[in-house]
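Counting with this note's numbering, you get residues 1 to 65 for the letters of the sequence shown. First up is the structure itself, then whatever we jot down about it.
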Amino acid sequence: MSLTQLLPFELAQEFGIVPMADEGSAITVATAPHMTVATLSAARQRLGKPLRTQSVTADRFREIV
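Right under this line is the structure:
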């Protein structure tokens, strides 16, 4: 299953997290300024792997999504 299927657009916007790359043992995600620890935990559970976060600005997050 692809990352976008595991965390679709609507959830990515709500969570403030966009999966960028599956690196095997972890998934790299871009995180928006409004992302919280609780949403990070929920995304990790949904994606099923540890997350490596990369903070981005609100403008950059909108570009990515």
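Yeah, the Cβ is synthetic: ideal placement off N, Cα and C, and Gly gets one too.
Inter-residue spacing [alpha-carbon to alpha-carbon] between LEU51 and THR31: 11 Å
Compute the Euclidean distance between the alpha carbons of ILE63 and VAL18, then round it to the nearest angstrom. Per the sequence shown, residue 63 should be read as Glu rather than Ile. Looking at the two C-alpha atoms, the distance is approximately 11 Å.
In its own chain, which residues sit with a C-beta less than 8 Å from the C-beta of PRO33, not counting the 5 before and 5 after it? GLY16, SER55, THR57, ALA58, PHE61
Tell me, which residues are paired with ALA32 by DSSP? In the DSSP output, where bridge partners are listed per residue, ALA32 has none listed.
What residue range does the beta strand (DSSP E) around THR53 cover? 51-55
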